[in-house]
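See below for the structure under consideration.
Protein chains in written order, with this note's numbering: chain A, 1 to 210; chain B, 211 to 420.
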């Protein structure tokens, strides 16, 4: 059995994020992935300057990615975004190990929130959106803890705003995690599959749904 | 950096479960794994016959595994167990796809609980134990849904009592998941690492901690 698809409609993910592509493929969804690059940093900064709540910034980013791909492709287009907020600040992916160390210093001993937005476009318009949260508390980290952690993770720490993968070395950072696995990875998967089921998602054999 | 260990003491996992070994290694713990086979089914049935709560059965099973290995090895010995309970019944791993289909029929449309126990032995005695829960709600599954799911998962459905891996096709089964990723995989990792840290767990280079 090849997986799950919507008969006569292709499904696209407007992202090339390896984490999201892997999660959706593992879950059995039959889809194509295509990056829809937008100037995320400019939109984040503009949103912050206008005091737009992080949830709304994440939804806007997810929507713009889906919209961009919807102008090129027909079918169901999934756009998603994840933001990390802590004490009013929004964190972007670190660009160097030095910047990662600064992120971890700021997150140490505090609870931060992951805002996870997913938007679906069909026939050129948004038909659904959803936003969910995960709250993660880092233990109090010493400078040595941070240096040890970064030495263990290497460049993997650059792949997320919080500098961690909970399924890897990230486990060393936390005292408490409240949130569903899928949300921490950046994709509210259960509500998305429920929406797609309501639109006819069904099991397919071979390449039938592609 | 090789990972985290307790200087001058080896750490052992009293289990050969690939999921738990992979989770702990990915988190950077330096340890050896060795299966400590006990007659789990007999202990479960005896506990159920005496109306022992699932948490206590899980702790007993984790303890017996750790104790068995502690009679052979020195150092810190980790034992763990996971039970699935639903409406008063305890589920064991299915032995065939047919049995998996029966499990899924029983779990369909209901919330089940995963009971996750971890026990640590040192110098031949139990020094710590912890039990945590995850609650997962399966959507109402038709016979066709179950057949499709089992066709997709193949023999992977035999590797857990609930017949799923949430990081794979299992995502197709659920309407809601409440619980931490580590608990769903069967190891309360954050409390365990906290206990080991209190006993001197620290970052090590090379093979120093082995």
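Think of the CB as a built atom: it goes at the ideal place given N, C-alpha and C, for glycine as much as any other residue.
* If you draw a straight line from the alpha carbon of residue 133 of chain A to that of residue 116 of chain A, how long is it in whole angstroms? -> Taking the first chain and counting its residues from 1, one reaches residue 133 of chain A at position 133. Taking the first chain and counting its residues from 1, one reaches residue 116 of chain A at position 116. Going by the C-alpha atoms only, they are around 6 angstroms apart.
* **Inter-residue Cα distance where the pair is residue 376 of chain B and residue 415 of chain B** => For this step, residue 376 of chain B is matched to residue 166 along the second chain. For this step, residue 415 of chain B is matched to residue 205 along the second chain. Using only the alpha carbons, I get a separation of about 34 angstroms.
* For the segment 379-392 of chain B, which residues have a CB atom closer than 9 angstroms to at least one CB atom of chain A, in sequence order? -> 379, 380, 381, 382, 384, 385, 386, 387, 388, 389, 390, 391, 392
* To the nearest angstrom, report how far apart residue 316 of chain B and residue 96 of chain A are at their CA atoms. => Numbered from its first residue, the second chain carries residue 316 of chain B at position 106. Numbered from its first residue, the first chain carries residue 96 of chain A at position 96. For residue 316 of chain B and residue 96 of chain A, the distance between alpha carbons rounds to 50 angstroms.
* Reference residue 246 of chain B; option with closest CA among B:289, B:314, B:266, B:235 -> Numbered from its first residue, the second chain carries residue 246 of chain B at position 36. Out of B:289, B:314, B:266, B:235, B:289 has the C-alpha closest to the C-alpha of residue 246 of chain B.
* If the cut is a Cβ gap below 7 angstroms, which residues of chain B does residue 148 of chain A touch? -> Within the first chain, the letter at position 148 stands for residue 148 of chain A. 211, 413, listed in chain order.
* To do: Measure how close the beta-carbons of residue 222 of chain B and residue 283 of chain B come, nearest whole angstrom, since I'm counting them as under 8 angstroms.
  => Against the second chain, residue 222 of chain B aligns to sequence position 12. Against the second chain, residue 283 of chain B aligns to sequence position 73. Rounded, the Cβ-Cβ distance is 5 angstroms, consistent with contact.
* Find the nearest neighbour of residue 309 of chain B within the set B:260, B:382, B:373, B:397, judged by alpha-carbon distance. => In the second chain, residue 309 of chain B corresponds to position 99, counting from 1. Comparing Cα positions, the closest option is B:373.
* Please list the segments of the beta strand (DSSP E) lying wholly inside the segment 18-94 of chain A, counting only runs of 3 or more residues, in order along the chain. => 76-86, 89-91
* With 7 angstroms as the limit, tell me which residues of the segment 236-254 of chain B have their beta carbon closer than that to any beta carbon of chain A; keep them in chain order. => 236, 237, 238
* Between the Cα of residue 383 of chain B and the Cα atoms of A:92, A:190, A:182, A:45, which residue gives the shortest distance? -> Translated into positions along the second chain, residue 383 of chain B becomes position 173. Checked all of A:92, A:190, A:182, A:45; the closest Cα to residue 383 of chain B is A:190.
* Applying the criterion that 16 or more other CB atoms from any shown protein chain within 10 Å of the CB defines a buried residue, is residue 15 of chain A buried or exposed? -> For the purposes of this step, residue 15 of chain A is taken as residue 15 along the first chain, with counting starting at 1. Answer is buried; the Cβ neighbour count reaches 16.
* Measure the C-alpha to C-alpha separation of residue 90 of chain A and residue 195 of chain A and round it to an integer number of angstroms. => If you number the first chain from 1, residue 90 of chain A lands on position 90. If you number the first chain from 1, residue 195 of chain A lands on position 195. Approximately 29 angstroms, taken between the alpha carbons.
* Outcome for residue 365 of chain B when other beta-carbon atoms lying within 10 angstroms are tallied against a minimum of 16 -> Walking along the second chain from the start, residue 365 of chain B turns up at place 155. So residue 365 of chain B counts as exposed.
* **Own chain residues within Cβ distance below 7 angstroms of residue 26 of chain A, not counting five before or after** => Position 26 of the first chain, counted from the start, is the residue given in the question as residue 26 of chain A. Same-chain partners within the cutoff: there are none.
* Asked: Does DSSP put residue 3 of chain A in a helix, in a strand, or in coil?
  -> Counting from one through the first chain, the residue named residue 3 of chain A turns up at place 3. In the structure shown, residue 3 of chain A sits in a strand (DSSP, three-state: E or B).
* For residue 98 of chain A: DSSP bridge partner residues -> Taking the first chain and counting its residues from 1, one reaches residue 98 of chain A at position 98. Looking at the DSSP assignment, residue 98 of chain A forms no beta bridge with any residue, so it has no partner.
* Asked: Who pairs with residue 322 of chain B in a beta bridge, going by DSSP?
  -> The residue you call residue 322 of chain B lines up with position 112 of the second chain. Answer is B:346.
* To do: Classify residue 103 of chain A as helix, strand or coil using the three-state DSSP reduction.
  => Taking the first residue of the first chain as 1, we reach residue 103 of chain A at position 103. Reduced to three states, the DSSP call for residue 103 of chain A is helix.
* To do: Taking a Cβ distance cut-off of 7 angstroms, strictly less, list which residues of the segment 299-322 of chain B are near chain A, in chain order.
  => Taking 7 angstroms as the Cβ-Cβ cut-off against chain A, none of the residues of the segment 299-322 of chain B qualify.
* With a threshold of 16 other CB atoms inside 10 Å of the CB of residue 127 of chain A, please say whether the residue is buried or exposed. => Translated into the one-based positions of the first chain, residue 127 of chain A becomes position 127. Looking at its Cβ environment, which holds fewer than 16 other Cβ atoms inside 10 Å, residue 127 of chain A is exposed.
* **C-beta contact flag for residue 291 of chain B and residue 271 of chain B at 8 angstroms** => On the second chain, position 81 is the one that residue 291 of chain B refers to. On the second chain, position 61 is the one that residue 271 of chain B refers to. Contact flag set, yes.
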